[in-house]
Amino acid sequence: MKIYIPLAAVFGLIWCFIHGTIDLKSFVFGFLLGLLIIRPFRFLYRPESNFKLFSPPNRIISIIRYLMVLIKEIIKANIVVAKIVTKPKINIKPGIIAVPIRCKTDLGITGIANTITLTPGTITVDISDDHSVLYVHCLDASDPAAVCASIRDDLEKYILEAFE
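Once you know that position 160 of the sequence shown is 180 in the numbering used here, the rest is easy, because the numbers rise by one and skip nothing.
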């Protein structure tokens, strides 16, 4: 219960900014609205019990490394997508491929799925029932093995280091 009060206060501040007026009436309304929203949906926001940001100490370095790789991959994918789009004749074969993943925790699976979606030209469509395969739509799925290898070696490796 003690965590609901600060979260509701954050909702109150957010409501003030959304409403456009920062006064006590808006804050109280947002605070009460926050309490109404937080309580019934608290099961959705249960953090991983074994994930600690600052333990072990090298986790911060792993997260920074992951963010650097993510930025690099987004830039590379933007260039590839721009080349595809600016060609006079678009010669691509879009499709959905199954990508086996090594992530086991919800945080790791969410991280790899969102990372894939953030990278231009790919989007995570679904996950298998046993949480071992992601279904990814690719702008150019002519070589599914290369796409799987790229996701596994270039992205998932850093997700595992940072979040699992």
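Note that the Cβ used here is the ideal one computed from N, Cα and C, for glycine as well. Since the structure is predicted, the reported quantities are computational estimates derived from the model, not experimental observations.
Would you mind giving the Cβ-Cβ distance between ILE143 and HIS157, rounded to the nearest angstrom? I have them listed as a contact below 8 Å. 5 Å
My guess is that SER132 and GLU176 are in contact by the Cβ rule of under 8 Å, so how many angstroms apart are they, rounded? At residue 132 the sequence reads Ile, which differs from the Ser that was named. That pair is a contact at about 5 Å.
Entirely enclosed beta strand (DSSP E) segments - the stretch 83–132, minimum 3 residues: The stretch 83–132 is shown to contain whole beta strand (DSSP E) runs of 3 or more residues at 115–120, in chain order.
Using 8 Å for Cβ pairs, my map puts LEU55 next to ALA28. What's the rounded Cβ distance? 5 Å
Could you please give the first and the last residue of the uninterrupted beta strand (DSSP E) stretch that includes ILE143? 142–147
In the DSSP assignment, find the unbroken alpha helix (DSSP H) run with HIS39 in it and report its ends. Membership of HIS39 in the alpha helix (DSSP H) is indicated by the continuous run 24–39.
Considering only the beta carbon of each residue, do ILE112 and ILE104 sit closer than 8 Å? yes
Taking the straight line between their C-alpha atoms, what separation do you get for ILE83 and TYR24? 28 Å
Helix or strand or just coil, what does DSSP make of LEU180? In this structure, LEU180 counts as helix in the three-state DSSP scheme.
Within 8 Å, strictly: CB atoms of GLU93 and ASP174: yes
Using a Cβ-Cβ cutoff of less than 8 Å, which residues in the same chain neighbour ARG85 once the five nearest sequence positions on both sides are dropped? TYR178, GLU181 and ALA182
Quick one: what does DSSP say LEU159 is sitting in, helix, strand or coil? coil
Does the Cβ-Cβ distance between ILE57 and PHE37 come in under 8 Å? no
Buried or exposed by the 16-neighbour rule on C-beta atoms within 10 Å, applied to THR106: exposed
Between the CA atoms of PHE49 and MET88 - distance to the nearest angstrom: 40 Å
Would you call the CB atoms of ALA102 and TYR155 closer than 8 Å? no
Could you give the residue range of the alpha helix (DSSP H) that holds SER46? 44–58
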